[in-house]
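First up is the structure itself, then whatever we jot down about it.
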Amino acid sequence: MEASIKTRTIFRNISPIDHRYSISEEALFDSLTPWISEEASVAACVKAEIALMIAHLTVRGTLTPPLKQELEKAAVAVDPAEVYAEEEKTRHNIRALVNVIKRKVPVETAPLVHLGATSVDILDTSLSYRIRGVTREVVLPHLKKLEILLCDFAEKEAVTPQVGRTHGQHAVPITVGFAIAEYVSRLGKSILEIERLAEQLKGKLAGAVGAYNAASMIVKDPEELERLYLAELGLEPSEHSTQLVEPEYLLRLLLEFNVAFGIIANLADDLRNLQRSEIGELREGFAADQVGSSTMPQKRNPWNSEHVKSLWKAFMPRVTTFFMDQISEHQRDLSNSASQRFIADYVAGFCLAISRMSGVIEGLGADRDRLMKNLRGDASGGISGGVLAEPAYILLAESGVSDAHEVIRKITLKAEKENLSFAAALSADTEVLARIGKKMAELGLVSNTADALSWFEKPEQYNGLAAKKAKALAVKYRKLMEG
39 MEASIKTRTI
49 FRNISPIDHR
59 YSISEEALFD
69 SLTPWISEEA
79 SVAACVKAEI
89 ALMIAHLTVR
99 GTLTPPLKQE
109 LEKAAVAVDP
119 AEVYAEEEKT
129 RHNIRALVNV
139 IKRKVPVETA
149 PLVHLGATSV
159 DILDTSLSYR
169 IRGVTREVVL
179 PHLKKLEILL
189 CDFAEKEAVT
199 PQVGRTHGQH
209 AVPITVGFAI
219 AEYVSRLGKS
229 ILEIERLAEQ
239 LKGKLAGAVG
249 AYNAASMIVK
259 DPEELERLYL
269 AELGLEPSEH
279 STQLVEPEYL
289 LRLLLEFNVA
299 FGIIANLADD
309 LRNLQRSEIG
319 ELREGFAADQ
329 VGSSTMPQKR
339 NPWNSEHVKS
349 LWKAFMPRVT
359 TFFMDQISEH
369 QRDLSNSASQ
379 RFIADYVAGF
389 CLAISRMSGV
399 IEGLGADRDR
409 LMKNLRGDAS
419 GGISGGVLAE
429 PAYILLAESG
439 VSDAHEVIRK
449 ITLKAEKENL
459 SFAAALSADT
469 EVLARIGKKM
479 AELGLVSNTA
489 DALSWFEKPE
499 QYNGLAAKKA
509 KALAVKYRKL
519 MEG
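For the sequence shown, our numbering begins at 39 and goes up steadily by one.
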C-alpha cells in the first residue's frame, strides 16, 4: 500500500505535547492516543461507518453474526495512511474514508457504506464517541486518583495547625487538612459533573440538514435506523439536529473540564505560595539528583506546581474557541472544521496538568515546626498571637460590652506599637481580661478565669470545625470516587 506519509523523529514535531510531554509522561500519552490521536480520529470514523452498515443490515433482516464479524474485521484493516493518500485525490476527508472502506468490506455490502449519511453524521458522532471514551478511560481515572490523593492528605493533616489567610494576611487559625479539604470539595463536585456530562454526549444520523431527507428514501422509520446506528457506538440521538449535533452537549462537558482545570490551577497557586522561603509551610518532593537552579545550588523551586499553573495559562483561553464553535450559520457552515480539531490538544494539556498535580500531592510534605512558628510567632510581621483577636472580641461582646470590637482593636494597636504579643497586651488590661476569662469559664473553654491568659498564648486551640470538616469531606469524597 502506497501512501504519502513520512515517518518523522519526535524532535521535529511542532507541538510540545508530541515531543517534550510525550517523553516525560509516556504512559499518559499512550493512554490518550487511542482516543484523541489522528489515528484514533480516523478509526472512530471507520467504526461509525461500519455501525451504519450494521444498522442497515439489521433493518433489512440480513445481518448474520459471521457478516458482522467480517465487517468489524474490515474496520481494523483501514490504515489512516491509506485514507490520507485517498484524500489527496478527493480533497474530502469523509469521501476518502468511504472510498477506502468500500475496498475493505465484502463487495455485496459496499453500497451500504455511508448510505443515507452526510459527513457530519459520521464526524460529530465519532467525536462524541471519542470524547466520551477519553473521559471515561483517561480523564476521570486521573481526576479520581488526584481526588483520592487530596482526600488522603486532608485526612492525614486534618489536625495539623496552620494560620488561615485572607487577602494574603494572617486571619484566624485553621488546619492544613482543612485548607486542602477546600479542593477536595470543589474538585470532587466537578468530577461528578464531568462524569454526568460525558454520558450526555449525543450522535446523529439525520442527514444534510437534520430533517432525515436521505434516510426517508431508504427506510420506513429513519429515527429507528438512527437509534440502531448510534446504539452500536453506545450513544443516543441528539433531540434535534441540523447537519450538526446540538453543540451544547460537548460544550458543557468541555466547560466543566475547564472548571476542574481552574480548581487544580488554584490549588497549584496555593501550594507554590506556601513554599515561599518566608512561609515554608509545605514542600514538594525533590529527587536526590534534581537541580533547582542552573546557578544557585541551594534552590528547591516549586516547579511542578508552577508547571501546572503554566499549563492552565496555555489551555484555559481555548474555552473562547469552544464558545465560538457553538455558533454555525443556518444548518451548518465549516467554521468549526479546523478549530474543533484542537480539542485534542486541550484534553491532552488538561490531563498533563492532572497527572503533574497528582505527583505533587504524592510527594507533598508539611513542615510542622514552621507551621507552628508562623501561627504562634506571626512571621508575617504582625502581632505575635494576633490571630486570636477575633475570639477575644467575640467573648468580650458576649460578656455584654457593646463596643467590644473597638476595645480589642485598640489592644492590638498597643501590641503593635509596643512590640508586645497579643496575649501580653491583653494581660495589661486586667478588666477586659477578667470579663473574657469569666465568659470562657462559663463556656467551659477554661477551668477557671486564671487560665484564660494561657489560652491566648496557644492559638492552635482556636480552629473551630476545621479538623472535623477536613475528615468528613475526605471520607465523603473518597467513597464517591471509589464508588
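Glycine included, each C-beta is placed from N, C-alpha and C at the ideal position.
Check whether the stretch 485-493 touches the stretch 180-187, counting contact only when three or more Cβ pairs, one atom from each stretch, lie closer than 8 Å. no
Please confirm if the stretch 287-298 is in contact with the stretch 377-394, defined as three or more CB-CB distances below 8 Å between the two stretches. yes
Residue from I432, K509, P103 whose Cα sits closest to the Cα of K477: I432
In angstroms with no decimal places, state the Cα-to-Cα distance between E344 and Y515. 26 Å
Sequence ranges, alpha helix (DSSP H) only - wholly within the stretch 110-190, length at least 4: 118-128, 131-142, 157-172
Roughly how far, in whole angstroms, is the beta-carbon of G245 from the beta-carbon of G154, given that I think they are within contact range, below 8 Å? 7 Å
Limits of the alpha helix (DSSP H) - the one that P199 falls within: From DSSP, P199 is part of no alpha helix (DSSP H) but of the beta strand (DSSP E) over 199-204.
Nearest-angstrom Cα distance between S53 and H208? 43 Å
In whole angstroms, give me the CA-to-CA distance for P275 and L243. 8 Å
Determine the direct distance from the alpha carbon of R174 to that of A112, and round the result to whole angstroms. 26 Å
Is it right to say K85 is buried, meaning 16 or more other beta carbons lie within 10 angstroms of its own, or is it exposed? buried
Output the distance between the C-alpha atoms of G403 and K507, rounded to the nearest integer angstrom. 21 Å
Output the distance between the C-alpha atoms of D405 and R321, rounded to the nearest integer angstrom. 8 Å
What span of residues does the alpha helix (DSSP H) with A246 cover, start to end? No alpha helix (DSSP H) holds A246; DSSP gives it neither H nor E.
Indicate the three-state DSSP secondary structure (helix, strand or coil) for Q207 in the structure shown. strand
Is there contact here, the stretch 219-226 with the stretch 252-269, by at least three beta-carbon pairs under 8 Å? no
Skipping 5 residues on each side, what residues in its chain have a beta carbon closer than 8 Å to that of S377? T359, M362, D363
Within 10 angstroms of its Cβ, does M39 collect 16 or more other Cβ (buried), or is it exposed? Interpretation of M39 is limited by its pLDDT of 39, a score under 50 that renders its predicted location unreliable; no figure is taken from the coordinates.
Those residues which DSSP pairs with G241 across a bridge: P275
Would you kindly check if the distance between the Cβ of V172 and the Cβ of E87 is under 8 Å? no
Three-state class that DSSP yields for A376 in the structure shown: coil
Where S42 falls: helix, strand or coil (DSSP): Residue placement at S42 is flagged as unreliable, the pLDDT there being 49, under the threshold of 50; the coordinate-derived value follows with that caveat. S42: coil per DSSP, three-state reduction.
At what residue ranges does the stretch 250-326 contain a whole run of the alpha helix (DSSP H), taking only runs of 4 or more? 251-254, 260-269, 286-312
With C-beta atoms as the reference, is W350 less than 8 Å away from A386? no
Is it true that the CB of A453 sits closer than 8 Å to the CB of G424? yes
Got a sec? Which residues, its chain only, sit under 8 Å from R46 by beta carbon, not counting five neighbours each side? none
Chain-order list of residues whose beta-carbon lies under 7 Å from that of D162 (same chain, five-residue window excluded): G241, K242, L282, V283
Unbroken alpha helix (DSSP H) run spanning T102, endpoints: Per DSSP, T102 belongs to no alpha helix (DSSP H) and is neither H nor E.
Does any CB atom of chain B fall closer than 8 Å to the CB of R408? Checking the listed chains, one finds no chain B in this structure; it contains a single protein chain.
Coil, strand or helix - T47 by DSSP: coil
With burial defined as no fewer than 16 other Cβ atoms inside 10 Å of the residue's Cβ, what is the status of N457: buried or exposed? exposed
Report the rounded CA-to-CA distance for R310 versus Q200, giving the unit in angstroms. 16 Å
Using the C-alpha atoms, what's the distance from S393 back to E522? An answer regarding residue 522 cannot be provided, because it is not within the stretch 39 to 521 covered by the chain.
Distance, R203 Cα to A430 Cα: 18 Å
Going by DSSP, what residues sit across from A93 in a beta bridge? For A93, which the question treats as bridged, DSSP gives no partner whatsoever.
Mind checking whether Y500 and P179 have CB atoms under 8 Å apart? no
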